[in-house]
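In the working numbering, the protein residues as written are 33 to 300.
A virtual CB, placed ideally from N, CA and C, is assigned to each residue, including glycine.
Small disclaimer: the values here were computed from a predicted structure and weren't measured.
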């Protein structure tokens with residue numbers, strides 16, 4: 033079919049195709065489709081009726097997105113489709129990618145791998161530089177934290193993974209459920225701007241807004257937080273909770289600890 037690149041047998045086994053963006057991709061984005069298992073990836077040549085806005089389609093391929101020589105994300109998938117602008121010709125016309133059945137994905141941060149993921153499908157938009165995935169979402173960080181959500185969005189600049197809920201996160205045996213979860217791997221923080229429910233050390237906790245500092249193991253709750261402890265229940269506003277020591281302190285407002293005997297103690 034006219035317009036499709038001719039690939040040598042040798043190139044099919046190692047590098048399927050490199051698309052270097054022009055004006056649309058800001059001149060520095062490179063998409064690579066890599067063959068696995070000695071040429072397992074295959075190029076499906078589409079007829080004019082099939083093509084519509086699809087310029088290229090690969091089956092059983094891996095696609096690697098790079099910017100200024102640095103990897104941003106990688107996806108092993110059963111199908112990859114390159115879509116171009118209507119009437120567009122040439123690599124610079126490719127606007128977005130549709131990726132189906134991702135069984136091995138990697139999100140890269142500034143210091144290497146930020147997370148690995150699986151998804152039923154994903155779309156990468158070259159203009160917004162966002163990778164959006166949905167269906168069967170499973171994300172695992174190098175530290176073993178696990179995310180599950182109906183949909184996720186990955187932004188490379190800044191490194192940001194946003195999970196749209198209800199999203200669930202498992203961190204060292206504790207569980208968090210929230211409508212929206214924002215993970216910043218470079219800062220080692222997990223934020224829930226729309227509130228969250230947690231199971232911490234086996235006890236239920238609710239917060240109207242929180243940031244979980246994963247490296248230092250403490251919760252920052254600028255709103256209202258309530259829950260249970262071993263010796264009773266608590267309520268707090270503008271609180272910091274040290275998960276290592278179990279200490280809860282209030283930056284402002286009042287922390288009330290209510291033991292099971294219903295004797296109320298106030299402290300700041």
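Contact under 8 Å by Cβ, residue i with residue j
i: residue 145; j: residue 190; result: no
i: residue 181; j: residue 107; result: no
i: residue 244; j: residue 277; result: no
i: residue 157; j: residue 167; result: no
i: residue 275; j: residue 251; result: yes
Assigned secondary structure, residue i (DSSP; H/G/I helix, E/B strand, else coil)
i: residue 233; result: coil
i: residue 1; result: The structure shown does not extend to residue 1, since the chain spans only 33 to 300, so no value can be given for it.
i: residue 75; result: Note that residue 75 has pLDDT 43, beneath the 50 cutoff, so the model's placement of it is unreliable and no number is given.
i: residue 191; result: coil
i: residue 247; result: coil
i: residue 279; result: coil
i: residue 255; result: strand
i: residue 198; result: strand
i: residue 108; result: strand
i: residue 218; result: coil
i: residue 206; result: strand
i: residue 170; result: strand
i: residue 226; result: coil
i: residue 302; result: Lying before the first or after the last residue shown, residue 302 is absent from the chain, which here runs from 33 to 300.
i: residue 141; result: strand
Straight-line Cα distance separating residue j from residue i
i: residue 195; j: residue 164; result: 10 Å
i: residue 213; j: residue 197; result: 8 Å
i: residue 234; j: residue 134; result: 34 Å
i: residue 231; j: residue 257; result: 13 Å
i: residue 236; j: residue 268; result: 14 Å
i: residue 113; j: residue 217; result: 29 Å
i: residue 215; j: residue 200; result: 12 Å
i: residue 239; j: residue 255; result: 7 Å
i: residue 116; j: residue 169; result: 27 Å
i: residue 184; j: residue 132; result: 15 Å
i: residue 88; j: residue 129; result: 10 Å
i: residue 171; j: residue 282; result: 33 Å
i: residue 270; j: residue 259; result: 15 Å
i: residue 136; j: residue 91; result: 14 Å
i: residue 160; j: residue 127; result: 10 Å
i: residue 211; j: residue 261; result: 24 Å
i: residue 150; j: residue 249; result: 27 Å
i: residue 279; j: residue 208; result: 20 Å
i: residue 103; j: residue 179; result: 22 Å
i: residue 264; j: residue 111; result: 54 Å
Reference residue i, options the options, closest by Cα
i: residue 94; options: 109, 103, 237; result: 109
i: residue 100; options: 160, 183, 188; result: 188
i: residue 247; options: 264, 184, 219; result: 219
i: residue 193; options: 282, 111, 148; result: 148
i: residue 97; options: 162, 150, 91; result: 162
i: residue 253; options: 265, 273, 266, 150; result: 273
i: residue 105; options: 210, 261, 186; result: 186
Q. Quick check: the stretch 197 to 211 against the stretch 163 to 179, are there 3 or more CB pairs under 8 Å?
A. Touching, per the Cβ criterion.
Q) Taking three-plus beta-carbon pairs below 8 Å as touching, is the stretch 131 to 142 in contact with the stretch 226 to 234? A) The stretch 131 to 142 is not in contact with the stretch 226 to 234.
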